[in-house]
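Student:
Protein chains: 2
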Amino acid sequence: MASAPPSNSSAPVTVQNLNPKVVKCEYAVRGEIVTIAQRLQQELQAKPGSHPFDEILYCNIGNPQSLGQQPITYFREVLALCDHPAILDKSETQGLFSADSIERAWQILDQIPGRATGAYSHSQGIKGLRDAIAAGIEARDGFPADPNDIFLTDGASPAVHMMMQLLIRSENDGILCPIPQYPLYSASIALHGGTLVPYYLDEAAGWGLETSELKKQLESAKSKGLTVRALVVINPGNPTGQVLSGKNQRDIVEFCKQESLVLLADEVYQENVYVPDKKFHSFKKVARSMGYGEDDISLVSFQSVSKGYHGECGKRGGYMEVTGFGADVREQIYKVASVNLCSNISGQILASLVMNPPKVGDESYESYCAERDGILSSLARRAKTLEDAFNKLEGVTCNKAEGAMYLFPRIFLPQKAIKAAEAANTAPDAFYCKRLLNATGIVFVPGSGFGQVPGTLHFRCTILPQEDKIPAVVSRLTEFHEGFLDEFRD
Amino acid sequence: MASAPPSNSSAPVTVQNLNPKVVKCEYAVRGEIVTIAQRLQQELQAKPGSHPFDEILYCNIGNPQSLGQQPITYFREVLALCDHPAILDKSETQGLFSADSIERAWQILDQIPGRATGAYSHSQGIKGLRDAIAAGIEARDGFPADPNDIFLTDGASPAVHMMMQLLIRSENDGILCPIPQYPLYSASIALHGGTLVPYYLDEAAGWGLETSELKKQLESAKSKGLTVRALVVINPGNPTGQVLSGKNQRDIVEFCKQESLVLLADEVYQENVYVPDKKFHSFKKVARSMGYGEDDISLVSFQSVSKGYHGECGKRGGYMEVTGFGADVREQIYKVASVNLCSNISGQILASLVMNPPKVGDESYESYCAERDGILSSLARRAKTLEDAFNKLEGVTCNKAEGAMYLFPRIFLPQKAIKAAEAANTAPDAFYCKRLLNATGIVFVPGSGFGQVPGTLHFRCTILPQEDKIPAVVSRLTEFHEGFLDEFRD
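Here the protein sequences come in this chain order: A and B. For reference, each letter of the first sequence is one residue, going 1 to 490 in my numbering. For reference, each letter of the second sequence is one residue, going 1 to 490 in my numbering.
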């Protein structure tokens with residue numbers, strides 16, 4: 001990245017005197033493998049034909065629009081009109097924009113004091129947009145939602161950081177996290193100086209989870225003197241792609257209640273469910289269905305505009321719904337939100353649209369549904385094709401992608417390959433992924449970046465390449481894999 | 001805010017077991033006085049005539065568009081077109097948008113891989129936009145700028161947090177900050193567990209600063225066992241409104257170089273200079289003019305789209321230019337940026353526009369200049385009118401607002417008022433500001449929120465109410481002030 005030389009000893013800041021929590025933190029989905037991919041891409045641009053592939057296929061990150069997914073037209077119409085309200089009452093605008101997008105833009109502007117989309121909002125976000133989001137949550141769950149519980153954020157990541165910052169006092173505070181996990185959690189816990197307490201998802205049971213495993217890990221953490229403060233659950237799963245069963249969800253709620261843990265529910269893939277026998281249920285709905293209210297469980301649900309069928313990663317919109325905390329704790333959360341003033345208003349507007357898309361009878365309703373269903377059904381087909389392809393590879397097994405945007409296949413490598421990785425001072429799964437990248441331009445993330453049962457090897461692959469590219473991914477991957485095994489066969 | 005009761009002792013999270021750094025942190029510009037103002041506003045809406053004023057005038061925060069300032073048309077045109085590129089080649093679009101905004105939108109889209117404004121970008125921001133920003137910095141300073149030194153962020157605040165997170169290891173690490181200061185700094189240092197080392201600006205010298213004061217405070221901090229890592233300077237000043245002299249700036253650079261301190265330069269008000277005898281010079285320009293290059297001084301400059309003549313606070317755009325760090329440290333900064341993926345793309349685009357506005361010959365050039373100059377000249381008039389009004393008040397003295405968006409008058413209160421404040425368990429300046437708010441609807445922030453020489457009292461007032469409202473602000477303030485003094489005269 002930088003062309004500068006490393007720090008010399010007289011520089012005021014060196015890696016040795018940086019905050020060690022920063023140095024310790026790791027973030028695999030933008031780690032070394034991506035740096036290599038960016039270099040290869042530059043080489044291809046500078047000298048076409050310099051590698052045995054003509055483009056880099058970024059399957060490392062859930063970034064749908066970077067791979068050609070188109071945004072939902074209605075959402076972008078509303079955003080453009082809110083950015084430049086001066087055109088709202090011009091006659092040409094009616095020729096360019098749908099009638100309901102114009103109407104929605106007016107509604108949104110009327111909810112913003114002075115119609116000022118360029119002003120800082122309330123620290124939690126514009127009240128009228130929070131009203132809309134709360135209404136969307138109620139419609140989804142069938143239980144009440146309070147706009148005062150909504151904190152709009154620049155994507156889900158800052159919301160996760162905010163909760164970690166609130167909960168973690170020292171390395172003696174532990175946070176229960178699934179393994180494999182999305183490395184935002186390990187990174188955020190490291191940055192805030194806490195301790196990640198792992199609980200393992202059961203690969204043989206479709207990445208389900210057992211309460212016995214939660215209890216075992218909690219007891220183990222307590223015996224080491226840790227105070228465990230919260231449990232993270234990602235549903236649908238990242239990187240594992242499972243959709244938790246109702247029983248699993250109820251077990252988790254019960255466990256958090258019994259053990260007085262905050263339940264941090266990453267629900268950003270709530271729209272991404274691809275199998276008919278599974279359905280997304282929010283943890284709040286599950287808890288309320290069990291009869292647990294505000295006083296019974298502290299629960300934070302994270303949502304993002306980056307995922308779903310819309311995939312608006314670049315807009316950095318999202319929210320957390322914060323329930324079951326006392327007013328005094330809520331004031332502290334509000335204060336931390338205030339220090340950053342507010343999240344970006346376009347992201348706020350988009351979050352309200354995602355939770356309140358066009359309805360039957362609206363001019364855009366049919367085209368909106370066609371765009372949404374086209375994307376989701378294509379994602380389901382891509383997930384199935386890739387899953388089948390992985391399962392056909394020698395020494396690879398892959399669970400079903402029931403939801404989210406990822407597959408997390410397990411790979412069994414020959415001893416000779418593992419030794420070659422050791423010789424190259426690289427984890428075996430990273431060794432495989434680097435070789436794959438250099439041979440095919442396909443970017444996977446090694447399982448070691450997410451955590452895995454010791455001794456097992458995996459990689460994460462997104463299901464996001466456009467459908468017409470999937471056959472090439474499969475054939476390039478298959479050809480590489482066979483060659484790799486031939487090279488290292490014991 | 002919340003309707004929930006305070007935490008009970010069985011709740012997993014209480015204020016007593018939260019991260020104490022969070023509890024300690026304060027942020028006055030959205031503190032108690034704003035909460036009161038929001039309540040009054042709700043009461044006025046519910047029951048017009050219930051207070052002796054008909055609107056709340058928020059002079060607490062630099063949020064121009066919330067008080068009626070209009071956005072720059074060209075900037076909003078480009079943003080709308082980038083949000084909804086599908087209309088770019090429609091014939092109606094030419095009737096609605098300026099030709100150069102259409103051209104600029106095409107240019108920007110061509111710099112984004114796949115023209116995907118909905119994709120996560122490079123962790124530092126879109127390369128083409130960083131190129132444009134670097135070119136803008138070069139044109140401003142007359143010294144080279146490297147796009148790889150630019151980190152685009154969701155406003156300046158997250159950039160400041162990022163640097164504090166990197167530098168602060170424990171409470172033994174100190175950060176030199178001006179007093180009075182913008183409370184983002186005290187809040188961020190508290191959240192990251194460091195120690196604020198104050199240096200006092202000299203009110204009698206127009207809020208200038210003396211190297212002797214810097215040396216004295218540095219020595220004092222060292223004698224307490226602190227390692228001082230960085231010096232924060234805000235130029236033009238917030239809340240103090242001064243523009244530093246060239247000599248002051250050179251002294252600061254020399255001091256940081258001699259003492260091996262990172263210079264953190266808050267330059268977000270660089271466009272807000274209102275007096276003909278002062279001009280903004282970036283600290284990078286000053287350092288380079290002194291012959292100091294990459295190897296001589298570690299310097300971070302913060303810029304934002306929220307301030308200037310554009311005042312696009314809600315867009316959350318900004319950047320930091322990071323120079324004079326080794327490649328290994330830069331990798332760590334990159335990693336922390338990566339954990340949050342990227343800043344919002346609209347904010348990134350806006351930051352590139354702010355640093356590269358329309359040029360002579362562009363269709364929008366004249367209207368752009370008229371909008372910009374209209375806002376800046378009006379701000380200069382408002383600053384002067386308010387300054388004069390403050391200086392006419394009995395027991396109030398006010399330095400000139402040479403720049404930024406604030407005045408920070410000093411107020412001498414009678415002993416009887418100070419005793420009444422004590423009786424109400426309130427700081428005397430907060431007591432005055434609360435009384436002012438309840439009587440007039442005007443929101444000032446007490447000086448105690450920014451820090452001040454012990455025994456002195458101040459408040460911060462923005463110069464942002466629209467020009468036609470300034471006479472009412474002055475008359476309401478004057479009337480209140482006279483009544484207040486009459487009530488408490490010794």
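Just so you know, even glycine gets a beta-carbon here, dropped at the ideal spot from N, CA and C.
Closest Cβ-Cβ distance between SER301 (chain A) and chain B: below 8 Å?
Tutor: No, SER301 (chain A) lies away from the interface with chain B (no Cβ there is under 8 Å from its Cβ).
Student: For the beta strand (DSSP E) containing GLY174 (chain A), list its first residue and its last residue.
Tutor: From DSSP, the beta strand (DSSP E) with GLY174 (chain A) extends over 173-179.
Student: 8 Å is my cut-off, CB to CB: does ASN356 (chain B) come that close to chain A?
Tutor: Answer no: the Cβ-Cβ gap between ASN356 (chain B) and chain A never drops below 8 Å.
Student: With 7 Å as the C-beta to C-beta threshold (strictly closer), list the residues of the stretch 320-332 of chain A near chain B in chain order.
Tutor: So the list reads PHE325, GLY326, ALA327, ASP328, VAL329, ARG330, GLU331 and GLN332, given in the order they occur along the chain.
Student: Tell me whether VAL456 (chain A) is buried or exposed, calling it buried when 16 or more other Cβ atoms sit within 10 Å of its Cβ.
Tutor: Correcting the residue type first, residue 456 (chain A) is Thr in the shown sequence and not Val. Counting Cβ neighbours within 10 Å, THR456 (chain A) comes out exposed, since fewer than 16 surround it.
Student: Going along chain B in order, which residues have a C-beta closer than 8 Å to the C-beta of ASP100 (chain A)?
Tutor: Under the 8 Å cutoff, chain B gives no residues; its nearest Cβ is about 15 Å from ASP100 (chain A).
Student: Which chain E residues are close to THR93 (chain A), counting only those with a beta carbon under 9 Å from its beta carbon?
Tutor: Of the chains in the structure shown, none is chain E; the protein chains are A and B.
Student: Quick check: the stretch 33-40 of chain A against the stretch 442-455 of chain A, are there 3 or more CB pairs under 8 Å?
Tutor: At 8 Å Cβ cutoff, the stretches touch.
Student: When you compare each of A:GLY347, A:VAL300, A:SER157 and A:MET320 to HIS310 (chain A) by their alpha carbons, which one comes out closest?
Tutor: Considering only alpha carbons, the answer is A:GLY347.
Student: Over the uninterrupted alpha helix (DSSP H) stretch that includes VAL262 (chain B), give me the two end residues.
Tutor: Unbroken run through VAL262 (chain B) is the beta strand (DSSP E), 262-266; no alpha helix (DSSP H).
Student: Inspect the beta-carbon positions of PHE488 (chain A) and LYS384 (chain A) and report whether they are closer than 8 Å.
Tutor: It is not a contact, given that the beta carbons lie outside the stated cut-off.
Student: How would you call ALA423 (chain B), buried or exposed, if buried means at least 16 neighbouring beta carbons within 10 angstroms?
Tutor: Result: exposed.
Student: For SER378 (chain A), would you say it is in contact with chain B, using Cβ-to-Cβ distances shorter than 8 Å as the test?
Tutor: Output row for SER378 (chain A): interface = no.
Student: Whose Cβ in chain A lies nearer than 9 Å to the Cβ of GLN65 (chain B)?
Tutor: The answer, in chain order, is GLY114, ALA116, THR117, GLY118, ALA119 and TYR120.
Student: Do GLY395 (chain A) and LEU485 (chain A) come within 8 Å of each other at the CB atom, strictly closer than that value?
Tutor: Cβ distance < 8 Å, so LEU485 (chain A) and GLY395 (chain A) count as in contact.
Student: Return the chain-ordered list of same chain residues with a C-beta closer than 6 Å to the C-beta of SER66 (chain B), the five sequence neighbours on each side being excluded.
Tutor: Cβ neighbours of SER66 (chain B) beyond the five flanking positions: none.
Student: What in chain B is Cβ-close to GLN165 (chain A), meaning under 9 Å?
Tutor: Neighbours of GLN165 (chain A) on chain B, chain order: ASN19, LYS21, VAL22 and LEU191.
Student: For CYS25 (chain B), go through chain A and note every residue whose CB falls closer than 8 Å to its CB, in chain order.
Tutor: What CYS25 (chain B) touches in chain A: LYS335, VAL336 and VAL339.
Student: Is the beta carbon of LEU129 (chain A) sitting closer than 8 Å to the one on LEU152 (chain A)?
Tutor: The answer is yes: Cβ separation under 8 Å.
Student: With burial defined as no fewer than 16 other Cβ atoms inside 10 Å of the residue's Cβ, what is the status of LYS434 (chain A): buried or exposed?
Tutor: LYS434 (chain A) should be labelled buried.
Student: Report, in whole angstroms, the separation of the C-beta atoms of GLU312 (chain A) and PRO71 (chain A), which I expect to be a contact under 8 Å.
Tutor: The pair is a contact, with the Cβ atoms about 6 Å apart (cut-off 8 Å).
Student: Quick one: what's got a C-beta closer than 7 Å to SER514 (chain B)'s C-beta in the same chain, skipping five residues either side?
Tutor: This structure gives no information on residue 514 (chain B), because the portion of chain B shown stretches from 1 to 490.
Student: Excluding sequence positions up to five away, which residues of its chain have a Cβ less than 6 Å from the Cβ of SER186 (chain A)?
Tutor: Correct list, in chain order: LEU196.
Student: Between the beta-carbon of CYS342 (chain B) and the beta-carbon of SER98 (chain B), is there less than 8 Å?
Tutor: Against a cut-off of 8 Å, the Cβ pair of SER98 (chain B) and CYS342 (chain B) comes out as no contact.
Student: Assign PHE302 (chain B) to one of three DSSP states: helix, strand, or coil.
Tutor: Strand.
Student: Residues of chain A with CB closer than 9 Å to the CB of ILE168 (chain B), please, in chain order.
Tutor: ASN19, listed in chain order.
Student: Going by DSSP, what residue range makes up the beta strand (DSSP E) through GLY318 (chain B)?
Tutor: Where GLY318 (chain B) is concerned, the enclosing beta strand (DSSP E) stretches over 318-323.
Student: Any idea what DSSP makes of TYR185 (chain A), helix, strand or coil?
Tutor: Of the three classes helix, strand and coil, the one that applies to TYR185 (chain A) here is helix, per DSSP.
Student: Ignore the nearest five residues each way along the sequence and tell me which others in GLU210 (chain B)'s own chain have a CB closer than 7 Å to its CB.
Tutor: The residues are ASP202.
Student: So who's on the other strand from CYS461 (chain B), going by DSSP bridges?
Tutor: DSSP, once it has assigned bridges, lists B:LEU407 as partnering CYS461 (chain B).
Student: Are the beta-carbon atoms of GLY451 (chain A) and GLN165 (chain A) separated by less than 8 Å?
Tutor: Going by C-beta atoms, GLY451 (chain A) is not nearer than 8 Å to GLN165 (chain A).
Student: May I ask you to report which of helix, strand or coil DSSP gives VAL197 (chain B)?
Tutor: VAL197 (chain B): strand per DSSP, three-state reduction.
Student: Got a sec: is the Cβ-Cβ distance from ILE345 (chain A) to anything in chain B below 8 Å?
Tutor: Judged by the 8 Å Cβ criterion, ILE345 (chain A) is in contact with chain B.
Student: Which full runs of the alpha helix (DSSP H) of 4+ residues lie inside the stretch 411-488 of chain B, going along the chain?
Tutor: Those alpha helix (DSSP H) runs which fall completely within the stretch 411-488 of chain B and span 4+ residues are 415-423, 428-440 and 470-488.
Student: Please report the distance separating the alpha-carbon of MET1 (chain A) from that of ASN148 (chain B).
Tutor: For MET1 (chain A), the predicted model reports a pLDDT of 40, less than 50, meaning its position is unreliable; a value from the coordinates is still stated below. Distance between the alpha carbons of MET1 (chain A) and ASN148 (chain B) is about 7 Å.
Student: From the DSSP output, in three-state form, read off GLY395 (chain B) for me.
Tutor: Coil, per DSSP.
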